[in-house]
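Participant:
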Amino acid sequence: GIQVEQSPPDLILQEGANSTLRCNFSDSVNNLQWFHQNPWGQLINLFYIPSGTKQNGRLSATTVATERYSLLYISSSQTTDSGVYFCAVERGDMRFGAGTRLTVKP
Amino acid sequence: DTEVTQTPKHLVMGMTNKKSLKCEQHMGHRAMYWYKQKAKKPPELMFVYSYEKLSINESVPSRFSPECPNSSLLNLHLHALQPEDSALYLCASSFINSPLHFGNGTRLTVT
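Those protein sequence lines, which keep their order, are chains A and B.
The first sequence maps to residues 73 to 178 in the numbering used here.
The second sequence maps to residues 101 to 211 in the numbering used here.
(1) Can you check whether the CB of Trp-106/A is closer than 8 Å to the CB of Tyr-157/A?
(2) So, helix, strand or coil for Ala-139/B, using DSSP?
(3) Given this structure, state the Cα-to-Cα distance separating Gln-75/A from Gly-114/B, to the nearest angstrom.
(4) Looking only at its chain, what residues have a beta carbon closer than 6 Å to the beta carbon of Arg-207/B, apart from the 5 residues adjacent to it on each side?
(5) May I ask you to list, following chain order, the residues of the region 86-117 of chain A that have a beta carbon less than 9 Å from some beta carbon of chain B?
(6) Can you pull the chain A neighbours of Asn-157/B, defined as C-beta to C-beta under 9 Å?
(7) For a contact defined as C-beta to C-beta under 7 Å, what are the partners of Pro-142/B on chain A?
(8) With DSSP as the reference, please indicate the residues paired to Gly-124/A in a beta bridge.
(9) By the criterion of Cβ-Cβ separation under 8 Å, what are the contact partners of Asp-165/A in chain B?
(10) Please state the DSSP three-state secondary structure of Asp-82/A.
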């Protein structure tokens with residue numbers, strides 16, 4: 073099956089810092105989504121981005137489908153950004169990467 | 101608040117019990133999903149219903165039995181579970197080829 077790799081596995085930031093999270097996938101996909109799971113377990117869909125670039129406030133994402141990767145940018149990080157960020161790809165069914173655990177310190 | 105509602109939020113059951121998890125959405129989505137998530141792991145797909153028909157079953161043990169009574173409801177019937185089945189069970193829904201919307205999950209503990 074398709075492999076999804078996320079990096080880095082863990083990231084600690086000071087409030088206000090910027091960061092880039094990466095998602096690599098091993099085969100062509102029909103779509104790609106980014107999710108944030110907060111400390112209470114709630115999964116929030118951040119972006120549906122099979123290709124191209126999207127922005128939503130301090131967050132933006134870029135998917136280069138031909139090179140099989142996607143990037144999630146977080147600018148001016150806040151403590152509420154803490155949690156786990158998952159990339160998920162769909163090729164028949166939806167597969168999640170292992171996630172990046174982000175901690176933003178005040 | 102989430103537009104996908106899961107009940108109960110927490111469930112403790114013995115290995116001989118029969119229980120059901122429920123999921124409801126009123127967004128008109130025609131695809132509904134069950135995922136299982138163990139601590140510090142990503143969600144793992146269990147079942148997918150598309151237009152109320154089971155379209156994907158990821159080799160899940162028969163002690164988990166899904167049911168989709170109508171386009172808004174999804175159930176997961178549990179019977180003779182093992183302690184290793186303790187996990188967060190997540191329901192999601194979507195239009196076809198569209199963003200996935202998750203419920204808040206049911207935290208299941210099997211004793």
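The beta-carbon is built from N, C-alpha and C at its ideal position, and this holds for glycine as well.
Facilitator: The structure says:
(1) yes
(2) coil
(3) 36 Å
(4) His-110 and Leu-188
(5) Asn-102, Asn-103, Gln-105, Phe-107, Gln-109, Trp-112, Gly-113, Gln-114, Leu-115, Ile-116 and Asn-117: these are the residues of the region 86-117 of chain A whose beta carbon lies less than 9 Å from some beta carbon of chain B, given in chain order.
(6) None at all; the shortest Cβ gap to chain A is about 10 Å.
(7) Phe-158, Phe-168, Gly-169, Ala-170 and Gly-171
(8) Thr-135/A
(9) Leu-145, Val-148, Ile-156 and Glu-158
(10) strand
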